[in-house]
Ligand SMILES: Nc1nc2c(ncn2[C@@H]2O[C@H](COP(=O)(O)OP(=O)(O)O)[C@@H](O)[C@H]2O)c(=O)[nH]1
Ligand SMILES: [Mg+2]
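Protein chains in written order, with full-length UniProt numbering: chain A, 1 to 383; chain B, 1 to 224.
Here's what the structure looks like:
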């Protein structure tokens with residue numbers, strides 16, 4: 001590539017038209033026409049400009065005329081060359097600047113790509129954080145909701161406890177009175193039927209009140225979640241007493257298999273853990289009852305073991321299972337898959353909240369018609 | 001980088017007058033144009049000045065013929081000193097064979113000198129030249145102005161550089177200009193002779209090189 005400082009040739013200095021015009025003008029000044037060209041011809045004299053021979057001048061009326069014309073040409077060439085030099089330099093520097101600009105542009109593009117990647121990563125981090133916030137918010141909302149439901153429940157439980165107490169005891173007294181009436185009243189078929197019916201009504205009502213009392217008890221547990229009364233618990237003992245309770249409830253008709261391994265003591269809230277175990281066993285028993293036309297095949301497995309620095313408790317049944325549609329809602333307070341009246345639906349919520357309060361975990365694994373396995377893990381070290 | 005065209009037996013060398021704006025680079029070249037009487041001398045091309053300032057560059061070609069017929073050319077360039085003309089400075093500096101750094105002796109101009117020298121170092125590197133091996137002369141110009149920085153102090157400051165001793169000049173009065181140029185020719189010859197064996201192949205000795213290119217009218221007058 002020619003650089004701006006290379007000595008220019010005649011062709012580079014003048015176009016063909018310009019050269020013709022110059023020749024005409026010079027010829028006009030001389031006695032005979034003169035010709036400037038790049039090639040030496042016969043009697044021509046060299047035309048020099050800046051130590052460089054740019055061409056040859058021939059023709060003219062005399063040697064003096066030739067020399068004068070050549071001098072005039074080299075004088076003109078200075079200005080043409082000056083312009084050429086400046087223009088070429090300008091061209092060179094512009095190209096260099098352009099190349100530099102392109103290089104910078106490439107660098108900029110590279111850094112833009114880097115920036116974009118970074119910003120993509122940033123966006124991802126932000127999205128993740130937003131998810132975390134959203135989830136936390138959801139949990140916060142949920143716990144706030146539960147707390148307010150809990151407060152309401154506590155108030156309701158408190159208010160119901162007294163009347164249900166005297167209604168229940170009154171009903172029992174009334175049932176005794178009906179016994180007494182049987183003695184006193186004349187023994188006619190009509191009276192017998194009436195008193196029999198009366199007694200059955202009262203028995204049903206007593207059942208009803210005891211169900212209400214049990215709901216109230218559940219509600220009390222549910223609403224006492226934030227109370228702190230921790231001590232070292234023997235989880236196996238708590239499980240065993242819960243098993244006894246539920247057996248009593250079901251008149252010892254349940255087939256409960258205990259596989260309790262030796263456990264370290266766990267720092268926890270014994271009554272709430274007991275309540276949790278009871279609820280889960282009660283759920284399992286209900287699931288068996290719902291499923292089993294034939295009671296003999298229904299089994300509940302209660303298992304405990306150490307796993308790393310946690311205690312793992314499994315309560316498993318081979319009952320009806322939880323339908324998939326309900327599974328997402330199983331922890332909702334008051335949600336129940338059972339017919340209204342057969343339970344409060346608080347069992348699992350209480351279980352989850354209790355376990356969470358102990359920094360543990362609950363997972364539920366359930367298949368319709370196969371059974372349900374609830375797994376609790378509690379940290380040995382507490383919080 | 002010397003430009004040798006074997007076909008024409010033509011060797012073109014490039015010397016660049018570098019320095020801050022208004023230090024006297026153009027004046028140096030103008031003085032060389034009028035003072036020098038080398039074997040061959042072209043036109044001084046002063047390119048497009050505005051307010052007395054060089055916009056592109058100035059150029060003066062001079063030349064010498066060796067006994068081998070070698071057509072030795074020396075093109076002397078100045079660069080525009082203004083900061084904004086850096087790309088022009090770089091273009092002119094590229095492939096330079098020697099540099100005359102024209103500094104301004106006035107105390108107020110010392111910062112500009114330093115900046116321009118830094119810029120020279122930077123641009124030499126960018127165009128792939130090595131400041132430590134490039135033949136170079138540092139001239140402190142405008143010695144005629146009263147109150148300029150003391151010569152001894154300047155010489156002392158530059159003593160440990162490859163460019164000591166400095167050449168003191170007053171380009172306006174034509175003093176030190178040829179001396180600076182001859183010093184450069186001397187350093188340039190060493191490098192060029194090494195590469196092109198000027199003396200052996202072309203009969204151009206150091207003495208012929210320096211005197212042939214820097215012959216001055218004054219010297220001739222002196223001879224008479
Ligand atoms: N007093 C004085 N003025 C000088 C000298 N050399 C140059 N100048 C002045 O400084 C100004 C700039 O000089 P010029 O050669 O254009 O500087 P350049 O920008 O380096 O090319 C002009 O007015 C010159 O007359 C000098 O030796 N002494
Ligand atoms: Mg200038």
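Quick reminder that beta carbons are idealized off the backbone N, C-alpha and C, glycines included.
(1) Could you tell me whether the Cβ atoms of residue 137 (chain B) and residue 180 (chain B) are closer together than 8 angstroms?
(2) So the candidates are B:21, B:14 and B:12; which of them puts its Cα closest to the Cα of residue 141 (chain B)?
(3) Can you tell me whether residue 371 (chain A) is buried or exposed? The criterion is at least 16 other CB atoms within 10 Å of its CB, across all chains shown.
(4) Is the region 183 to 201 of chain B close to the region 117 to 128 of chain B, with three or more CB pairs under 8 angstroms?
(5) So with Cβ pairs under 8 angstroms, would you call residue 61 (chain B) a contact of chain A?
(6) Residues of chain A with a CB under 7 angstroms from the CB of residue 42 (chain B): which are they?
(7) If you compare alpha carbons, which of A:216, A:242, A:373 and A:172 is closest to residue 200 (chain A)?
(8) Quick one: which residues of the region 82 to 97 of chain A get their C-beta closer than 7 angstroms to a C-beta of chain B? List them in chain order.
(9) Against chain A, with Cβ distances strictly below 8 angstroms, would residue 65 (chain B) count as a contact?
(10) Since residue 252 (chain A) is in the alpha helix (DSSP H), which residue starts that stretch and which ends it?
(11) Look up residue 226 (chain A) in the DSSP assignment and say whether it is helix, strand or coil.
(12) In this structure, how does DSSP classify residue 75 (chain B) when only helix, strand and coil are distinguished?
(13) Could you tell me whether the Cβ of residue 215 (chain B) comes closer than 8 angstroms to any Cβ of chain A?
(14) Taking buried to mean at least 16 other C-beta atoms within 10 Å of its own C-beta, is residue 145 (chain B) buried or exposed?
(15) Determine the burial state of residue 62 (chain B): buried for a count of at least 16 other Cβ atoms within 10 Å of its Cβ, exposed for fewer.
(16) Please tell me whether residue 315 (chain A) and residue 374 (chain A) are closer than 8 angstroms, where the distance is taken between their beta carbons.
(17) Below 8 angstroms on C-beta distance, what does residue 47 (chain B) contact in chain A?
(18) Give every residue of the same chain whose Cβ lies closer than 8 angstroms to the Cβ of residue 47 (chain A), excluding the five residues on either side of it in the sequence, and list them in chain order.
(19) Just mark residue 342 (chain A) as buried or exposed, buried being the case when its beta carbon has 16 or more other beta carbons within 10 Å.
(20) What number of angstroms, rounded off, separates the C-alpha of residue 127 (chain A) from the C-alpha of residue 112 (chain A)?
(21) Jot down the residue ranges of each uninterrupted beta strand (DSSP E) in the region 1 to 30 of chain B, minimum 3 residues, whole runs only, in chain order.
(22) Just checking: is the beta-carbon of residue 25 (chain B) within a distance shorter than 8 angstroms of some beta-carbon in chain A?
(23) Quick check on residue 156 (chain B): does DSSP put it in helix, strand or coil?
(24) What residues in its chain sit with their C-beta under 8 angstroms from that of residue 164 (chain B), if we drop five residues either side in the sequence?
(25) Hey, which unbroken runs of the alpha helix (DSSP H) at 4 residues or more fall wholly within the region 45 to 82 of chain A?
(26) Taking the continuous beta strand (DSSP E) assigned at residue 141 (chain B), which residues delimit it?
(27) Going by the beta-carbon positions, is the gap between residue 59 (chain B) and residue 75 (chain B) smaller than 8 angstroms?
(28) Please classify residue 340 (chain A): is it buried, with 16 or more other beta-carbons within 10 angstroms of its beta-carbon, or exposed?
(29) Against chain B, with Cβ distances strictly below 8 angstroms, would residue 5 (chain A) count as a contact?
(30) Give the straight-line distance between the Cα atoms of residue 36 (chain B) and residue 216 (chain B), rounded to the nearest whole angstrom.
(31) What does residue 91 (chain B) reach in chain A if we use C-beta pairs closer than 8 angstroms?
(32) Note down, in chain order, each residue of its chain lying with its Cβ closer than 8 angstroms to the Cβ of residue 143 (chain B), except the 5 sequence neighbours on either side.
(33) Would you call the CB atoms of residue 251 (chain A) and residue 206 (chain A) closer than 8 angstroms?
(34) Is residue 216 (chain A) buried or exposed, if buried means 16 or more other CB atoms sit within 10 Å of its CB?
(35) In whole angstroms, what separates the C-alpha of residue 135 (chain B) from that of residue 14 (chain B)?
(36) Below 8 angstroms on the Cβ atoms is my contact criterion, and I expect residue 299 (chain A) with residue 318 (chain A) to pass it. Report the Cβ-Cβ distance as a whole number of Å.
This is what the structure gives:
(1) Here residue 137 (chain B) refers to the residue found at position 137 of the second chain. Here residue 180 (chain B) refers to the residue found at position 180 of the second chain. Contact flag set, yes.
(2) In the second chain, the residue the question calls residue 141 (chain B) occupies position 141. Of B:21, B:14 and B:12, the residue nearest in Cα terms is B:21.
(3) Locating residue 371 (chain A) in the first chain gives position 371, where the first residue counts as 1. With 16 or more other Cβ atoms within 10 Å, it is buried.
(4) no
(5) Counted from its first residue, the second chain places residue 61 (chain B) at position 61. Answer yes: the Cβ-Cβ gap between residue 61 (chain B) and chain A drops below 8 angstroms somewhere.
(6) Position 42 of the second chain holds residue 42 (chain B). Result: 50 and 51.
(7) The count along the first chain starts at 1 and reaches residue 200 (chain A) at position 200. Taking only the C-alpha atoms, the option nearest residue 200 (chain A) is A:172.
(8) 82, 85, 86, 89, 92, 93, 96 and 97
(9) The residue you call residue 65 (chain B) lines up with position 65 of the second chain. So no, residue 65 (chain B) is outside the interface.
(10) In the first chain, the residue the question calls residue 252 (chain A) occupies position 252. Counting along the chain, residue 252 (chain A) falls outside any alpha helix (DSSP H), and DSSP gives it neither H nor E.
(11) Position 226 of the first chain, counted from the first residue, corresponds to residue 226 (chain A). The predicted position of residue 226 (chain A) is uncertain, since its pLDDT is 44 and thus under 50; no value can be drawn from it.
(12) Within the second chain, the letter at position 75 stands for residue 75 (chain B). Reduced to three states, the DSSP call for residue 75 (chain B) is strand.
(13) The count along the second chain starts at 1 and reaches residue 215 (chain B) at position 215. Taking Cβ atoms only, chain A never reaches closer than 8 angstroms to residue 215 (chain B), which makes this a no.
(14) As a working mapping, residue 145 (chain B) is identified with position 145 in the second chain. Classification for residue 145 (chain B): exposed.
(15) Along the second chain, one-based indexing puts residue 62 (chain B) at 62. With 16 or more Cβ atoms within 10 Å of its Cβ, residue 62 (chain B) is classed as buried.
(16) Taking the first residue of the first chain as position 1, residue 315 (chain A) is located at position 315. Taking the first residue of the first chain as position 1, residue 374 (chain A) is located at position 374. Yes, these two residues count as a Cβ contact at 8 angstroms.
(17) Position 47 of the second chain holds residue 47 (chain B). Result: 82, 85 and 86.
(18) In the first chain, the residue the question calls residue 47 (chain A) occupies position 47. Hits under 8 angstroms: 36, 53, 54, 55, 56, 57, 70, 73, 74 and 77.
(19) On the first chain, residue 342 (chain A) is found 342 positions in, with the first residue counted as 1. Here residue 342 (chain A) scores only 48 on pLDDT, less than 50, and its place in the model is too uncertain to base an answer on.
(20) Residue 127 (chain A) sits at position 127 when you count from the first residue of the first chain. Residue 112 (chain A) sits at position 112 when you count from the first residue of the first chain. Computed Cα separation, rounded: 22 angstroms.
(21) 3 to 5 and 10 to 18
(22) Looking up residue 25 (chain B) in the second chain gives position 25. For residue 25 (chain B), the answer is no, since every Cβ of chain A falls outside 8 angstroms of its Cβ.
(23) Position 156 of the second chain holds residue 156 (chain B). Helix at residue 156 (chain B).
(24) By 1-based counting over the second chain, the position of residue 164 (chain B) is 164. For residue 164 (chain B), where only same-chain residues beyond five positions count, the Cβ hits under 8 angstroms are 155 and 158.
(25) none
(26) As a position in the second chain, residue 141 (chain B) is number 141, starting the count at 1. Start and end: 136 to 141.
(27) In the second chain, counting from the first residue as 1, residue 59 (chain B) sits at position 59. In the second chain, counting from the first residue as 1, residue 75 (chain B) sits at position 75. In contact: residue 59 (chain B) and residue 75 (chain B) (Cβ atoms closer than 8 angstroms).
(28) For the purposes of this step, residue 340 (chain A) is taken as the residue at position 340 of the first chain. Only weak support exists for where residue 340 (chain A) lies, its pLDDT of 45 falling under 50; the value from the coordinates is given anyway. It is exposed - the Cβ of residue 340 (chain A) has fewer than 16 other Cβ atoms within 10 Å.
(29) To locate residue 5 (chain A), count along the first chain from 1; it is residue 5. It does: the Cβ of residue 5 (chain A) has a partner Cβ on chain B nearer than 8 angstroms.
(30) In the second chain, residue 36 (chain B) corresponds to position 36, counting from 1. In the second chain, residue 216 (chain B) corresponds to position 216, counting from 1. Roughly 4 angstroms separates the two Cα atoms.
(31) As a first step, residue 91 (chain B) is located in the second chain; it is residue number 91 there, counting from the start. Under the 8 angstroms cutoff, chain A gives 4, 89, 92, 93 and 96.
(32) The residue labelled residue 143 (chain B) in the question sits at position 143 within the second chain. Correct list, in chain order: 105, 151, 168, 169, 170, 175 and 176.
(33) In the first chain, counting from the first residue as 1, residue 251 (chain A) sits at position 251. In the first chain, counting from the first residue as 1, residue 206 (chain A) sits at position 206. No. Outside cutoff.
(34) In the first chain, counting from the first residue as 1, residue 216 (chain A) sits at position 216. Its Cβ being crowded by 16 or more others within 10 Å, residue 216 (chain A) is buried.
(35) Stepping through the second chain from its first residue, residue 135 (chain B) is reached at position 135. Stepping through the second chain from its first residue, residue 14 (chain B) is reached at position 14. Their backbone Cα atoms lie some 11 angstroms apart in a straight line.
(36) Residue mapping note: residue 299 (chain A) aligns to position 299 of the first chain, counting from 1. Residue mapping note: residue 318 (chain A) aligns to position 318 of the first chain, counting from 1. Going by Cβ atoms, the distance from residue 299 (chain A) to residue 318 (chain A) rounds to 6 angstroms, so yes, they are a contact pair.
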